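With UniProt numbering, letter number 252 in the sequence shown gets 252, and the count goes up by one each step, no holes.
Glycine included, every Cβ here is placed at the ideal spot set by N, Cα and C.
Predicted model, so just to flag it, every value in this text is computed and none were measured.
In what follows, a single structure is set out as structure tokens and then discussed.
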Amino acid sequence: MQAVLRERRPDPAAWAAVVEVACGPPEDRWRARDALMQARFALAPHADRLARRLGRGHLGAGNASQWDVQMLALALAGTGDARAMPALRNLSGADWFLIDARPLAALPAADLLPLVRAELRHTRLSTPDLLRVLADLGAAAAPAVPEVIPHLEARCAYDAARVLGRIGPSAAAAAGRLAGFAAGAVRPEGPYGPEAACAWHGVRMAAWAHWRTTGDDALLRRACAADLAAGRGSRSLPYLADLGPAAAGHADAVRALTDSPGGWTRVAAAHAWWRITGDPEPAVPMLLADVDPDFDGHPAHPTPAAVRHLGAIGPAATAAVPVLVRLLDREERVREPWERKRILVDDDFTRALAEALTRITGTVPDATPPAVLPWLTGPGPEPVSDTGISPAPRLRGLFGWRDEH
């Protein structure tokens with residue numbers, strides 16, 4: 001079990017052993033749970049075995065049976081296999097859908113959307129993850145707009161606004177409410193209540209979503225200008241990047257933020273500079289300076305964001321190839337996240353590296369782990385280059401996954 005948790009390219013026999021335990025006696029299945037529900041495409045060779053064991057996912061009595069069904073259903077869904085759908089629907093109907101929903105993103109949208117829409121009619125622990133899955137579908141998530149809009153009034157308002165913005169004009173029904181949030185006239189309920197003295201942290205996201213759904217960028221421009229004038233420009237950098245050349249009037253302010261003492265601000269400013277001006281210099285050396293060649297998964301370091309931004313620049317970022325290759329070639333997974341997240345985090349980081357190298361060099365790296373390769377060569381959601389902003393231009397024949405923010 002430890003081999004698949006620690007090794008980026010484990011022997012196929014290691015995954016076979018995990019599946020054997022998961023499909024074996026009930027008293028042993030718990031040992032496979034953490035690895036199985038993170039595995040995604042690594043389990044594709046075992047999809048038939050998992051589907052036979054899962055059957056139609058009828059829930060027996062007791063939590064143990066429900067945990068087993070959930071484990072197998074999410075493992076099968078992570079391979080993109082729609083045979084997981086009956087069990088997932090049973091779990092949803094039993095209000096037993098409480099864990100990381102990211103594996104669902106591999107399912108075909110036609111199968112995924114009805115399930116997510118049903119889940120979003122309630123507020124559960126999985127709601128933020130489900131909204132993020134929808135955000136990565138972009139305009140294809142338009143049928144879920146009626147289920148997403150009510151979440152603007154709840155604790156997941158920020159995530160709901162992001163989904164609506166990524167859907168675009170088909171979510172224009174939410175424009176009025178988004179405008180109210182963006183202007184500060186109203187705020188979601190949230191943990192601080194509608195009477196909280198501080199401004200809602202999602203004002204910029206609401207302004208961005210209003211722009212994406214209506215085409216009117218006035219509220220977003222106003223929010224960004226206010227941040228820059230108040231010395232809070234770092235908060236608006238992703239949004240200025242998304243505005244691109246339309247934010248040219250703020251280019252000097254963005255350039256100044258590339259000298260920030262904070263790594264996340266430097267990375268966001270370098271990316272915004274490139275998106276606004278189209279000039280990869282000085283963006284590439286600045287981004288490269290914040291790529292830790294020994295990055296080990298610590299969430300406080302902006303290495304994954306810098307990698308994605310270098311990939312977005314493409315061939316002009318050739319100087320980054322050696323360090324990206326070094327990071328991709330490593331045999332051990334990142335160590336920082338706890339075991340229930342480690343495979344997910346490492347696969348997402350490895351995918352970002354492989355996608356960046358593909359964009360820069362024009363070829364898929366030979367070192368791409370087999371479990372990550374389907375994300376680069378198969379159909380899937382649009383690549384997303386920023387934390388909570390719109391997708392990057394589509395990569396021909398490839399796709400990525402948004403970061404964890």
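Straight-line spacing of the CA atoms in residue 156 and residue 289 works out to 35 Å. A Cβ-Cβ separation of about 6 Å places residue 137 in contact with residue 109 under the 8 Å criterion. Contact between residue 325 and residue 360 is absent: CB atoms are separated by about 10 Å, not below the 8 Å threshold. Separation of residue 41 and residue 78 (C-alpha to C-alpha, rounded to the nearest whole angstrom) is 6 Å. Here the alpha carbon of residue 35 sits roughly 10 Å from the alpha carbon of residue 3. Close CB contacts of residue 203 within its chain, under the 7 Å cut and outside five residues either way in sequence, are with 181, 182, 184, 223 (chain order).
Put simply, of 263, 297, 250 the residue whose alpha carbon is nearest the alpha carbon of residue 276 is 250. Taking C-beta separations shorter than 6 Å and ignoring five residues to either side along the sequence, the partners of residue 327 in its chain run 353, following chain order.
Residue 304 and residue 91 have their C-alpha atoms some 34 Å from each other.
By the neighbour-count criterion, in which a residue is buried when 16 or more other Cβ atoms sit within 10 angstroms of its Cβ, residue 311 is buried. Non-local beta-carbon contacts of residue 112 in its own chain, meaning distances under 7 Å to residues more than five positions away in sequence, involve 104 in chain order. Taking all protein chains in view, the Cβ of residue 278 is surrounded by fewer than 16 other Cβ atoms within 10 Å, so the residue is classified as exposed. By alpha-carbon distance to residue 271, the top candidate from 296, 292, 176, 245 is 245. When C-beta atoms of the stretch 123 to 136 are compared with those of the stretch 168 to 181, fewer than three pairs fall below 8 Å, so the two segments do not count as touching.
Distance between residue 162 and residue 233, taken at the CA atoms: about 20 Å. One thing to note: residue 369 has its Cβ no nearer than 8 Å to the Cβ of residue 357.
80 is the residue among 14, 80, 49, 66 whose C-alpha sits nearest the C-alpha of residue 378. Between residue 286 and the set 317, 299, 294, 332, the nearest pair of CA atoms involves 317. For residue 7, the pairing in a beta bridge is given by DSSP as 332.
Taking the CA atoms as reference points, residue 362 sits about 15 Å from residue 351. Taking the C-beta atoms as reference points, residue 247 is found nearer than 8 Å to residue 240.
For residue 147, the secondary structure class from DSSP, reduced to helix, strand or coil, is helix. In the DSSP assignment, residue 46 falls outside any alpha helix (DSSP H) and carries neither an H nor an E. Around the beta carbon of residue 215, a 10 Å sphere encloses fewer than 16 other beta carbons of the protein chains shown; the residue is thus reported as exposed. In this model, residue 269 and residue 330 are separated by some 29 Å (Cα to Cα). In the structure shown, the three-state DSSP call for residue 41 is helix.
The Cβ neighbour count for residue 165, taken over all protein chains shown within 10 Å, is at least 16; the residue is labelled buried.
A distance below 8 Å between beta-carbons, with the five flanking residues on each side excluded, links residue 68 to the following residues of its chain, in chain order: 26, 29.
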